[in-house]
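Undergrad: Those sequence lines, one after another, are chains A and B.
With our numbering, letter number 6 in the first sequence gets 6, and the count goes up by one each step, no holes.
With our numbering, letter number 98 in the second sequence gets 1098, and the count goes up by one each step, no holes.
Got a structure for you, written out below as structure tokens; questions coming shortly.
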Amino acid sequence: NGESKPHDEL
Amino acid sequence: MNIFRLAGDMTHLLSVLVLLLKIHTIKSCAGISLKTQELYAVVFATRYLDIFTSYISPYNTMMKLIFLGSSFSIVWYMRYHKIVRRSYDKDQDTFRPYILMLPCLILALLINEKFTFKEISTSFFLFVMWTFSLYLEAVAILPQLVMLQRTRNIDNLTGQYVFLLGAYRALYILNWIYRYFTEEHFVHWITWISGLVQTLLYADFFYYYFQSWKNNVKLQLPA
């Protein structure tokens, strides 16, 4: 899911 | 997503809305640094280059579009809107953006996380741009803080705008602490250090903002 990607934050 | 990060994003959104409200309703950008607004437009443009290639969630995409749209429209208002541009005091906004952008670009080329995220298909260029946007965001407020010290009377909306802008990154620091303890392998030194530097740059503003709120007097930064 998207949460694990390093750039999941704005 | 955790409460600190959501609060951070909402505070960031609020800061942008406060600024758009000021510019759009009273048609004035008095006390606002165009240089800082242009730097933020560059920050979002280089941060969200992969907006269409790496989908994370509807929330993520929507917020990226809002930040891109609002930052560029604020720059447009301050540069080209016939009424708003008259209230822009360029003599007080003399910080040269390139002395911030070049060191951030060089630093991004030298220090970035590409070496730890081998499995990410993101190209080196995107990684450098993303890291550049992190470093640039940390210092983008400087022209605005310099301008605040020059313009004696800071109006409430401008003060609230800068306060919210500083508060959002402080909330993000809480988010990183929370994620560090709840998610394994969540270590992003580059993000953490630039976020900490960014928040520390607001330290004296926060102090005077709190003093003015506590003593119920007009916000004034010492020259």
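C-beta atoms are modelled at their ideal positions from N, C-alpha and C, and glycine is treated no differently.
Note that the structure is predicted; figures quoted are calculated from it, not measured.
In whole angstroms, what separates the C-alpha of residue 1085 of chain B from that of residue 1195 of chain B?
TA: Per the coordinates, the alpha-carbon of residue 1085 of chain B lies some 31 Å from the alpha-carbon of residue 1195 of chain B.
Undergrad: Quick check for students: name the residue ranges of the alpha helix (DSSP H) that lie wholly in the stretch 1095-1175 of chain B, counting only runs of 4 or more.
TA: 1098-1110, 1124-1139 and 1142-1150
Undergrad: Step through the CB atoms of chain A and report whether any lies within less than 8 Å of the CB of residue 1112 of chain B.
TA: no
Undergrad: How about residue 1216 of chain B: is its C-beta nearer than 8 Å to some C-beta of chain A?
TA: no
Undergrad: State whether the stretch 1015-1030 of chain B contacts the stretch 1185-1192 of chain B, with contact taken as three or more CB pairs (one from each stretch) at a distance under 8 Å.
TA: no
Undergrad: Could you tell me if residue 1033 of chain B is buried or exposed, where buried requires 16 or more neighbouring beta carbons within 10 angstroms of its beta carbon?
TA: buried
Undergrad: Quick one: give me the first and last residue of the alpha helix (DSSP H) that residue 1015 of chain B is part of.
TA: 1003-1025
Undergrad: Any idea what DSSP makes of residue 1068 of chain B, helix, strand or coil?
TA: helix
Undergrad: Give me the Cβ distance between residue 1005 of chain B and residue 1175 of chain B, rounded to the nearest whole Å; I'm assuming they're in contact under 8 Å.
TA: Between residue 1175 of chain B and residue 1005 of chain B the Cβ distance is about 4 Å, and since that is below 8 Å, they are a contact.
Undergrad: Starting from residue 1038 of chain B and walking both ways along the alpha helix (DSSP H), at which residues does that stretch end?
TA: 1034-1047
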